[in-house]
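Colleague:
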Amino acid sequence: MSYEMNRRTLLKRAGQAGGLLTVAGGLEALLAACGGNVSTAGGVAATPGTTPVSNAGLKSPNFLQWGSDYVSGAPYVFQDPANPNGPLVGFEVEIATAIAGLMGGVKQKQVEVTYGNLEQALQANQIDMVMNGWEKTEDRQKTELFSDPYYRYGQQVIVRKDDARFTGKSITDVKQMEGLTVGTGAGYRAETLMKADPKINVKSYDGNIAFSDLVQKKLDAFFLDLPIAAYYITGTGPGATPIPELILLGKPIYPDDYFIGFNMKNPDAAKLLPGINDALARLKKDGTLKKIYTKWQLMNDQQAEIGVM
Amino acid sequence: MNLIIQALPDFLDGIKNTIIYCVISFALALLLGFALALMSNSRILWLNGPARIFIEVIRSTPMIAQIFLIYYGLSAALAIYGLASYDNAWTAGIATLALNYSAYEAEVFRAGFASVSKGQTEASLSLGLNEQQNFFRIVFPQAIPLMIPPFANDLIYMLKDSAIISVIGGVELTSKIESYRNHNGSNLLPIYFLAIVSYLLLSLPTSYFARSFERRLRAAL
């Protein structure tokens, strides 16, 4: 079993030439701990005149090491295709940079972990926290602590523009997708929602989501998180090319929140959590989060419900 | 334990799909491999040339590249004629596995034919059999038992390599494992246990039957 798992991971990483990032991240933290001067992307000095947010509980006192998957991770965290050697971009990179900035002298450090392995990386204490469109599922609540929510999102239905079955209609419940073949990402919340109804033929993509499959009529619809739909279909954010054949059908449904996850068994997590919550509260209040969401065209009136001003 | 009971039907479904993928693909790979082996043994350049090129290109490129090419590349071309829906996870998965393994099976066939002693051919030709009769009645039957172990080996490899179909959204055992891993991060041991047992259930009978089949064939000769 481990044979093809390793092989698949290896191939994926080799293709992205990003496999060394994790190692490099560790090394850099090590160098920094030895007093070396290492430059990293991100990291803004705390605004003068305000007390910095507590950085107690960080694995390495100078780095906020957050786990996420940048391979096909747009618009959360990804490599700008126009700048393949530059720093990672994405709205979560900007949030991490802002949080680290409030801590004073701390830099954000993205640690690459495949989405399916984030939970295990957290349990192994390889990272301080997970921030990757992370949802508070029943299963995760058994092993993780969660921060306050930082984004309220919904599940978006995507269909072909010329598909007469959907013209003038909107989907407000998964039941309306019975009998259809619907694509989503492996492990996404939309997958759980749809799998609860055996009459929906769910097609889960692990890694790259092939939106071309919908254009080529292999699927009837896609159902996934709004930020992904906004980036890949509408073309919001750097490197995005809109797909004119597809449209977002109606408003996102099943609203839920993104949280930052911590390892419950790690005593440092309880120390770090208040600092992160403090930082999120300040970023919500001072308009930083709103600015980030507006830039990525993710801002909507639902955000006020979680205190984003 | 509850998790195992809950996951079992889904895993059995994955096992079923893995078996379907592999049985069809392996049968196609054997047919195509046989044809390729005959072509590459031929003395005619336009038969052995293409066969050698095909075998070397397939063996020298990663399967993940092949499956992406067949699923995404071919699909984009077919879309022009509105035929893209025929290039789905089933057809693309089976085509990739069959094409990839045919190159390896061709070499197994070639090695098998070459392992039959030259004296057999000399004797049959001097008894007045023609080349075709010599191949199908003398060389081929004697080569089969020699080829069973490498074929069984490749079939077991294929059972595990078929996991690659999960990258194009196909449903088979590994995609089921991944899905349970994603939803049960807090309780992974039962999932891993079930995964290992499932693959053992697929592989062990395969090697057992290959062995007994080989023993029978040897006895028959």
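As they're listed, the protein sequences go chains R and A.
Quick note on numbering that gives the first Met the number 0: the first sequence kicks off at 0 and runs consecutively.
Quick note on numbering that gives the first Met the number 0: the second sequence kicks off at 0 and runs consecutively.
C-beta: ideal position from N, C-alpha, C; glycine also.
This structure is a prediction, so every number in the text was calculated from the model and none was measured.
#1: Tell me whether residue 141 of chain A sits in a helix, a strand or coil according to DSSP, three-state version.
#2: Between the stretch 178-195 of chain R and the stretch 20-34 of chain A, can you find at least three pairs of beta-carbon atoms closer than 8 Å?
#3: Please list the partners that residue 24 of chain A has in chain R, where partner means a Cβ-to-Cβ separation under 9 Å.
#4: Round the Cβ separation of residue 138 of chain R and residue 184 of chain A to the nearest angstrom and send it over; I've been treating them as touching at under 8 Å.
#5: On the three-state DSSP scale, how would you describe residue 74 of chain A?
#6: Between A:144, A:197, A:154, A:204, which has its C-alpha nearest residue 27 of chain A's C-alpha?
#7: Along the chain, where does the alpha helix (DSSP H) containing residue 1 of chain A start, and where does it finish?
#8: Counting only C-beta atoms, is residue 171 of chain A closer than 8 Å to chain R at any point?
#9: Consider the Cβ of residue 206 of chain A: report whether some Cβ of chain R lies at a distance smaller than 8 Å.
#10: Using DSSP's beta-bridge definition, name the partner residues of residue 143 of chain R.
#11: For residue 40 of chain R, which residues from the same chain have a beta carbon less than 6 Å from its beta carbon, with the 5 sequence-adjacent residues on both sides left out?
#12: Measure from the C-beta of residue 111 of chain R to each C-beta in chain A and report whether the shortest distance is under 8 Å.
#13: Roughly how many angstroms separate the alpha carbons of residue 223 of chain R and residue 75 of chain R, rounded to a whole number?
#14: Compare the C-beta of residue 75 of chain A with all C-beta atoms of chain R and state if any pair is closer than 8 Å.
#15: Which of helix, strand or coil does DSSP assign to residue 128 of chain A?
#16: Going by beta-carbon coordinates alone, are residue 136 of chain A and residue 128 of chain A separated by less than 8 Å?
#17: How far does the alpha helix (DSSP H) with residue 126 of chain R in it reach, from first residue to last?
#18: Taking the alpha-carbon of residue 230 of chain R as reference, which of R:218, R:247, R:214, R:215 has the nearest alpha-carbon?
#19: Does the contact criterion of 3 or more C-beta pairs under 8 Å hold for the stretch 274-284 of chain R versus the stretch 94-102 of chain R?
#20: With distance defined between alpha-carbon atoms, name the residue in A:201, A:197, A:217, A:209 nearest to residue 10 of chain A.
#21: Nearest to residue 100 of chain A by alpha carbon, out of A:59, A:203, A:81, A:80?
#22: What residues in its chain sit with their C-beta under 8 Å from that of residue 241 of chain R, if we drop five residues either side in the sequence?
#23: Consult DSSP for residue 135 of chain R and reduce its assignment to one of helix, strand or coil.
#24: Leaving aside the five residues before and after residue 209 of chain A along the sequence, list all residues of the same chain whose C-beta is less than 8 Å from its C-beta, in chain order.
#25: Using three-state DSSP, classify residue 89 of chain R as helix, strand or coil.
#26: Within the chosen definition, does the stretch 81-97 of chain R reach the stretch 285-301 of chain R through at least 3 CB pairs nearer than 8 Å?
#27: Mind pulling the chain B residues with CB within less than 7 Å of residue 166 of chain A?
#28: For residue 174 of chain A, which residues from the same chain have a beta carbon less than 6 Å from its beta carbon, with the 5 sequence-adjacent residues on both sides left out?
#29: Taking DSSP's pairing of strands, which residues face residue 257 of chain R in a bridge?
#30: Could you check the C-alpha separation between residue 308 of chain R and residue 296 of chain R for me, to the nearest Å?
#31: Short of 7 Å Cβ to Cβ, which residues in the stretch 136-156 of chain R face chain A?
#32: Using the Cα positions of residue 67 of chain R and residue 73 of chain R, report the straight-line distance between them to the nearest angstrom.
#33: Which word fits residue 29 of chain R, buried or exposed, when buried means at least 16 other C-beta atoms lie within 10 angstroms of its C-beta?
#34: When the Cα atoms are used, what is the spatial distance from residue 39 of chain A to residue 50 of chain A?
#35: Give the DSSP-derived three-state secondary structure of residue 246 of chain R in the structure shown.
#36: Of all the options R:177, R:108, R:194, which has the alpha carbon lying nearest to the alpha carbon of residue 314 of chain R?
Modeller: To lay it out plainly:
#1: In the displayed model, residue 141 of chain A falls within a helix according to three-state DSSP.
#2: With a cut-off of 8 Å, the stretch 178-195 of chain R and the stretch 20-34 of chain A do not count as touching, because too few Cβ pairs lie within range.
#3: Result: empty, since nearest Cβ-Cβ is about 15 Å, beyond 9 Å.
#4: Confirmed, Cβ separation roughly 6 Å.
#5: Per DSSP, reduced to three states, the secondary structure at residue 74 of chain A is helical.
#6: Out of A:144, A:197, A:154, A:204, A:154 has the C-alpha closest to the C-alpha of residue 27 of chain A.
#7: Element bounds for residue 1 of chain A: 1-40.
#8: Interface with chain R (8 Å Cβ-Cβ cutoff): residue 171 of chain A is excluded.
#9: Closer than 8 Å: no.
#10: DSSP output for residue 143 of chain R lists R:262 as bridge partner(s).
#11: The pLDDT assigned to residue 40 of chain R is 42, lower than 50, so where the model puts this residue is not dependable; a value taken from the coordinates is nonetheless given after this. Here the set comprises 86.
#12: Under the Cβ criterion of 8 Å, residue 111 of chain R is not counted among the residues facing chain A.
#13: Straight-line Cα distance between these residues: approximately 14 Å.
#14: So, interface residue.
#15: Coil, per DSSP.
#16: The answer is yes: Cβ separation under 8 Å.
#17: It is not in any alpha helix (DSSP H) - residue 126 of chain R carries neither H nor E in the DSSP assignment.
#18: Ranking R:218, R:247, R:214, R:215 by Cα distance to residue 230 of chain R puts R:247 first.
#19: Because the criterion of three Cβ pairs below 8 Å is met, the stretch 274-284 of chain R and the stretch 94-102 of chain R touch.
#20: Relative to the Cα of residue 10 of chain A, the nearest Cα in the group A:201, A:197, A:217, A:209 belongs to A:197.
#21: For the residues A:59, A:203, A:81, A:80, the minimum Cα distance to residue 100 of chain A belongs to A:59.
#22: Excluding positions up to five away in sequence, the list reads 232, 233, 234.
#23: In the structure shown, residue 135 of chain R adopts coil according to DSSP, grouped into three states.
#24: Excluding residues up to 5 positions away in sequence, 147, 148, 150, 151, 154 lie with their Cβ nearer than 8 Å to the Cβ of residue 209 of chain A in the same chain.
#25: Three-state result, residue 89 of chain R: coil.
#26: Counting Cβ pairs under 8 Å, three or more are found: they touch.
#27: Absent here is chain B; the protein component of the structure consists of chains R and A.
#28: These residues qualify, in order along the chain: 165.
#29: According to DSSP, residue 257 of chain R bridges with R:150.
#30: Distance between the alpha carbons of residue 308 of chain R and residue 296 of chain R: 15 Å.
#31: Within the stretch 136-156 of chain R, the residues whose Cβ lies closer than 7 Å to any Cβ of chain A are, in chain order, 138, 139, 141, 142.
#32: Rounded to the nearest angstrom, the two C-alpha atoms are 11 Å apart.
#33: Confidence at residue 29 of chain R is low in this model, with a pLDDT of 47, below 50, so the placement of that residue should be treated as unreliable; the coordinate-derived value is given next. A residue is called buried once 16 or more other Cβ atoms fall within 10 Å of its Cβ, and residue 29 of chain R, having fewer, is exposed.
#34: Computed Cα separation, rounded: 6 Å.
#35: Residue 246 of chain R falls in the strand class under three-state DSSP.
#36: The shown model of chain R, from 0 to 308, leaves out residue 314 of chain R, and the question about it has no answer.
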